[in-house]
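Quick note on numbering: the sequence shown equals residues 14 to 845 in this note's numbering.
Where a beta carbon is used, it is the ideal one built from N, C-alpha and C, also for glycine.
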Amino acid sequence: MKKNLMTGGFAARSHDWQLWYLSLTIVASILLVGAWTRWFPLEQLSTAWLGLVALCMIGVPWLRRRFTAASPVIMSPLAWLLIAVAVFGLVSFAVSVHRGVTLQELLKLMGLLGMFLFALAFAGSEDRLHTLSWVVFGASAVAMAGSIVLYLLSPRVATGPIASLAHALVVRDPNGRLSAFFSYPNALAGFLILPICIGVGMFAFGRAGRERLLGLAGTIVLMSALVLTGSRGGMIVAAGVLLLLPAAGWLCKYVSGRQMAHVAVAYGVVAVMAAVSIAVPVSRNQIWKPLVQRLVAVVQNVSQGQAATDVSLGSRLQMFRDLGPYLRAYPVLGSGLGTYSSVYMKFRSQFFFATDPHSLVVKTLAEGGILGFVLEFAMIAVLLWMGFRAARLSTNKALTFAVVVGIAGTLLHSCFDIDSIFYVFGAVCAVLLGSCAGLTMQAGASFWALGRPVRRVVGPVSGAKHVKSSRPWVPVTGLVVLGLVAVVFILATFAEAYWVGGQRALSTTLAVTVQDEYQAAEVLNPFNARYPLALAGLSAGRLNVVPKDLQPALFDQAKGAYQRAVALDPLNPVVQIQYAQFLYQHGDKDAVEVFQRLTTVDPIDPGTWTSLAHAQITFNHNTKLAEQVLDQARHLDPTYSEIANVNSDIANMNAKIALDKGDVTAAEAAFRQSIKANPAQPAGWSGLANIYRTSGQQGKLVAALFDASASVLDGSAFSAELQRLAPVAQWTSPATGTSVVPGGTVVLAWNVTGAAGKLEWQTVYAVPATGNSMLVADGVKPSVRGLTWQVPTTVPAGSYHFYVYLQAPKLMAGSDRTWASSAVSLPVQVGQ
Numbered sequence: 014m015k016k017n018l019m020t021g022g023f024a025a026r027s028h029d030w031q032l033w034y035l036s037l038t039i040v041a042s043i044l045l046v047g048a049w050t051r052w053f054p055l056e057q058l059s060t061a062w063l064g065l066v067a068l069c070m071i072g073v074p075w076l077r078r079r080f081t082a083a084s085p086v087i088m089s090p091l092a093w094l095l096i097a098v099a100v101f102g103l104v105s106f107a108v109s110v111h112r113g114v115t116l117q118e119l120l121k122l123m124g125l126l127g128m129f130l131f132a133l134a135f136a137g138s139e140d141r142l143h144t145l146s147w148v149v150f151g152a153s154a155v156a157m158a159g160s161i162v163l164y165l166l167s168p169r170v171a172t173g174p175i176a177s178l179a180h181a182l183v184v185r186d187p188n189g190r191l192s193a194f195f196s197y198p199n200a201l202a203g204f205l206i207l208p209i210c211i212g213v214g215m216f217a218f219g220r221a222g223r224e225r226l227l228g229l230a231g232t233i234v235l236m237s238a239l240v241l242t243g244s245r246g247g248m249i250v251a252a253g254v255l256l257l258l259p260a261a262g263w264l265c266k267y268v269s270g271r272q273m274a275h276v277a278v279a280y281g282v283v284a285v286m287a288a289v290s291i292a293v294p295v296s297r298n299q300i301w302k303p304l305v306q307r308l309v310a311v312v313q314n315v316s317q318g319q320a321a322t323d324v325s326l327g328s329r330l331q332m333f334r335d336l337g338p339y340l341r342a343y344p345v346l347g348s349g350l351g352t353y354s355s356v357y358m359k360f361r362s363q364f365f366f367a368t369d370p371h372s373l374v375v376k377t378l379a380e381g382g383i384l385g386f387v388l389e390f391a392m393i394a395v396l397l398w399m400g401f402r403a404a405r406l407s408t409n410k411a412l413t414f415a416v417v418v419g420i421a422g423t424l425l426h427s428c429f430d431i432d433s434i435f436y437v438f439g440a441v442c443a444v445l446l447g448s449c450a451g452l453t454m455q456a457g458a459s460f461w462a463l464g465r466p467v468r469r470v471v472g473p474v475s476g477a478k479h480v481k482s483s484r485p486w487v488p489v490t491g492l493v494v495l496g497l498v499a500v501v502f503i504l505a506t507f508a509e510a511y512w513v514g515g516q517r518a519l520s521t522t523l524a525v526t527v528q529d530e531y532q533a534a535e536v537l538n539p540f541n542a543r544y545p546l547a548l549a550g551l552s553a554g555r556l557n558v559v560p561k562d563l564q565p566a567l568f569d570q571a572k573g574a575y576q577r578a579v580a581l582d583p584l585n586p587v588v589q590i591q592y593a594q595f596l597y598q599h600g601d602k603d604a605v606e607v608f609q610r611l612t613t614v615d616p617i618d619p620g621t622w623t624s625l626a627h628a629q630i631t632f633n634h635n636t637k638l639a640e641q642v643l644d645q646a647r648h649l650d651p652t653y654s655e656i657a658n659v660n661s662d663i664a665n666m667n668a669k670i671a672l673d674k675g676d677v678t679a680a681e682a683a684f685r686q687s688i689k690a691n692p693a694q695p696a697g698w699s700g701l702a703n704i705y706r707t708s709g710q711q712g713k714l715v716a717a718l719f720d721a722s723a724s725v726l727d728g729s730a731f732s733a734e735l736q737r738l739a740p741v742a743q744w745t746s747p748a749t750g751t752s753v754v755p756g757g758t759v760v761l762a763w764n765v766t767g768a769a770g771k772l773e774w775q776t777v778y779a780v781p782a783t784g785n786s787m788l789v790a791d792g793v794k795p796s797v798r799g800l801t802w803q804v805p806t807t808v809p810a811g812s813y814h815f816y817v818y819l820q821a822p823k824l825m826a827g828s829d830r831t832w833a834s835s836a837v838s839l840p841v842q843v844g845q
């Protein structure tokens, strides 16, 4: 036996390849947590591969021994619980609404199981548990130290390797909060709870001076990173866990009185550091004030009953409220592991926030139903119980207790944030809890042991032949299952790699090569809707590039890929929206049906209803149905901008119907209604101008062309026709930045282009930013192109614009104005 002088634990060998493998698993899960978002799914599978290899290294030798084992195997309650979770995973895959994401979840869970069993078998001692805790703590501290340096340098260094690394690791989010590796500050805060607890335990409960010193230094770094995240929930949970840790440990007799003194010193050091950072103006203004303001805002909203109005807190609470209808739709087995993002939008009651499950409780209940929730939380409770049991059996109870409390704090934070989607949380907890379970097992707590052979009380009869296992199908089945899992792992990983390769090569590789990669991914994993969706998007983007004779075949390819994606993930609005927009843009009437389905899978989005209204008008020319659909959009959000566009389209369609019937007056009224609904849309102006053009109403045509050129975003076509029919003015003076005092003079000059011969006289006005306009000159001759204006001494100071109106009453006969066009000058500042 070899004693670890730092932790006081015993183990036969403290450093062997199994321990190095578990350390690699921990470090890899931290480094591959998902800083590069395009590689995020592949990184999760890559880390899960470590768990699969570990599972094979445990399972294959065990199953080979079962071939010749003469005694049966008894299954402990924990083993049966793990088997029940595995069986539930297969059932969840069978009933899942999107088997592709459920398959990936099962593969990741299989990896976690392998990590857990490997740690149970090879790290089941106090010494190795503390060594693995050191790995978690050390890797986190080093990673955060580097991230803090990059965080401080990133605002000052815009180019070079430092800027590139800071951008790749997303050390600073758009709000200036530390988010290294996770790209999300709150998830980083949740992860830091565990290593902080380990660091406090190392300092307060360690048995060597070097250990306590390193624990203190690392804890300072980790606490600084936690503060820089600005996470309210992370700070609250971390503070609660750290305050309750010594008290609970002392009450449960895990922490001695001497160790409590060390805890007091540790917290005193943290308090002094916090006081110093508050006293420094830079950290006080950039870190503490924003954090306090965020906490105060939460307290005010909750105390005033306005939590639902807060974009962050209210949306999280709304996810819990929306869990009711979700759970009623999928009560027992849920919608399938990993499918929350596909289904949630069907049940959300408010149109904001994200569709990722910001709570482990919500995720488990929604995706696994009541049965999955019971199984998962029973497993978590049993494993935490084994952790606390391991702490009681340790020679350094307090240090092991700190590790388990850190795991519990991390799991608690995941009940209120997005932690559960990051694989590093499960990987680290699986390794440490597996080590705790192994420690409990080594201490003789066989009730929770995994698969122990039953020892026969009576020995074999002398001269009897050796009898092989009476159940040879057990190891055979086990080996087949492990082989099948390995094959599925390989296929899913290669499919993900092909998809990631296609995503990264879109701008640098031939489209045919990218297409081959997407098709290969779909062949390797036919359950995931992401692969045909990517292929459909690629094909749709090439439709306007390839020759016309190739477009029909490419259109069919894109449409078929969209249909396969919809069939694989039928409740995901993201897939349906892309498919519907593709059909709408290319004039396919099937868009109406797809938009109709969208109203059932995402009914809370007013854009869903306005899109259906557009489709009804475009393909069915049915304004009544469009009006009915538009009423639903108004009910959801009366201020939604697209409602005006739909109203304009309805009016335009009514105008076309009226023209078909020969009712020009009704068509003119309808086009004017379209313009009133949305002046920036050119269709209404074009229709109105066409009526005046064909009926010979020159004055009204000029007026409509001028108004259209000023209202439409791209009014160049209207301006060009206006130039041919009427005089058009353009200012040349005053210039930019002109200023004048009351009593001074301003030189005004302009040019007249277009049909200048139809100009009869000109009128000039001065218009202040606030107040009434002032007449500068009227009856100016057509040949005059400028004048000098003396600013009255009584005018108020401020910004003034000048307008010149080109009067042409004969040209504008029949319209409601005498001027053909006008122009506005640059501002002139009148000062005191």
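Once DSSP output is grouped into helix, strand and coil, what is the label at residue i?
{"i": "His479", "result": "Note that His479 scores 47 on pLDDT, short of 50, meaning its location in the model is unreliable; the coordinates nonetheless yield the value given after this. DSSP places His479 in coil when its eight states are reduced to three."}
{"i": "Ser354", "result": "helix"}
{"i": "Pro781", "result": "strand"}
{"i": "Phe815", "result": "strand"}
{"i": "Arg341", "result": "helix"}
{"i": "Val754", "result": "coil"}
{"i": "Met454", "result": "helix"}
{"i": "Val559", "result": "coil"}
{"i": "Ser362", "result": "coil"}
{"i": "Asp829", "result": "coil"}
{"i": "Arg798", "result": "coil"}
{"i": "Leu839", "result": "coil"}
{"i": "Thr848", "result": "The structure shown does not extend to residue 848, since the chain spans only 14 to 845, so no value can be given for it."}
{"i": "Leu346", "result": "coil"}
{"i": "Gln319", "result": "The predicted position of Gln319 is uncertain, since its pLDDT is 46 and thus under 50; a value taken from the coordinates is nonetheless stated next. Three-state result, Gln319: coil."}
{"i": "Ala152", "result": "helix"}
{"i": "Val471", "result": "Confidence at Val471 is low in this model, with a pLDDT of 43, below 50, so its placement is unreliable and no value can be given for it."}
Within a Cβ cutoff of 8 Å, which residues of the same chain sit near residue i, ignoring the five residues on either side of it in sequence?
{"i": "Lys478", "result": "For Lys478, the predicted structure reports a pLDDT of 49, less than 50, and the residue's modelled location is therefore unreliable. A value from the coordinates is still provided. Closer than 8 Å at Cβ, skipping near neighbours: no residue."}
{"i": "Gly349", "result": "Ser105, Phe106, Val108, Ser109, Val110, His111, Arg112, Val114, Thr115 and Glu380"}
{"i": "Asp829", "result": "Ala716"}
{"i": "Ala48", "result": "Any reading at Ala48 must be qualified, since the residue scores a pLDDT of 48, below 50, and its modelled position is unreliable; the value itself is stated next. If we look at Ala48 and ignore the five residues flanking it on each side, its Cβ neighbours are Ala181, Leu182, Val183, Ala193, Phe194, Phe195 and Ser196."}
{"i": "Val3", "result": "Lying outside 14 to 845, the shown extent of the chain, residue 3 is not represented and no answer is given."}
{"i": "Thr776", "result": "Leu788, Ala790, Asp791, Gly792, Val793, Val817, Tyr818, Gln820 and Trp832"}
The ligand COA and residue i: does any heavy atom of the ligand fall closer than 7 Å to the residue's C-beta?
{"i": "Ala97", "result": "Ligands displayed in this structure: none; no statement on the ligand COA is therefore possible."}
Skipping 5 residues on each side, what residues in its chain have a beta carbon closer than 6 Å to that of residue i?
{"i": "Met787", "result": "Ala779"}
{"i": "Ala152", "result": "Val40 and Ile43"}
{"i": "Pro781", "result": "Gly811 and Tyr813"}
{"i": "Val837", "result": "His814 and Tyr816"}
{"i": "Glu535", "result": "Tyr544 and Pro545"}
{"i": "Leu373", "result": "Ser427, Cys428 and Ser433"}
{"i": "Gly757", "result": "Val804"}
Short of 7 Å in beta carbon distance, which residues of its chain neighbour residue i, apart from the five on each side in sequence? Order them along the chain.
{"i": "Val395", "result": "Leu91 and Leu94"}
So residue i and residue j are in contact, right, with Cβ under 8 Å, and what is the actual spacing, rounded?
{"i": "Tyr813", "j": "Val793", "result": "That belief does not hold up - the Cβ atoms of Tyr813 and Val793 are roughly 19 Å apart, past 8 Å."}
{"i": "Glu655", "j": "Thr623", "result": "4 Å"}
{"i": "Ser355", "j": "Leu718", "result": "Contact flag wrong, Cβ pair sits at about 50 Å."}
{"i": "Gly799", "j": "Val760", "result": "7 Å"}
Those runs of the alpha helix (DSSP H) which lie wholly inside the region 402 to 439 and span at least 4 residues
410 to 427
Complete beta strand (DSSP E) runs within the region 725 to 749 (minimum length 3 residues, chain order):
740 to 746
Hey, which unbroken runs of the alpha helix (DSSP H) at 4 residues or more fall wholly within the region 582 to 654?
586 to 598, 604 to 614, 619 to 628 and 636 to 649
Does the region 641 to 650 come close enough to the region 677 to 695 to have 3 or more Cβ pairs within less than 8 Å?
no
Answer yes if the region 127 to 137 comes into contact with the region 60 to 67, meaning at least three C-beta pairs across the two stretches below 8 Å, and no otherwise.
yes
Quick check: the region 235 to 252 against the region 194 to 213, are at least 3 beta-carbon pairs closer than 8 Å?
yes
Quick one: any contact between the region 169 to 183 and the region 213 to 233, if contact means 3 or more CB pairs under 8 Å?
no
Between the region 211 to 219 and the region 402 to 420, do at least 3 Cβ pairs fall closer than 8 Å?
yes
Decide if the region 731 to 742 is in contact with the region 762 to 776; the criterion is three or more beta carbon pairs, one per stretch, under 8 Å apart.
yes
Inspect the CB distances between the region 446 to 456 and the region 134 to 143 and report whether three or more fall short of 8 Å.
yes
Could you check whether the region 556 to 565 touches the region 138 to 146, counting it as contact only if at least three pairs of C-beta atoms, one from each stretch, sit closer than 8 Å?
no
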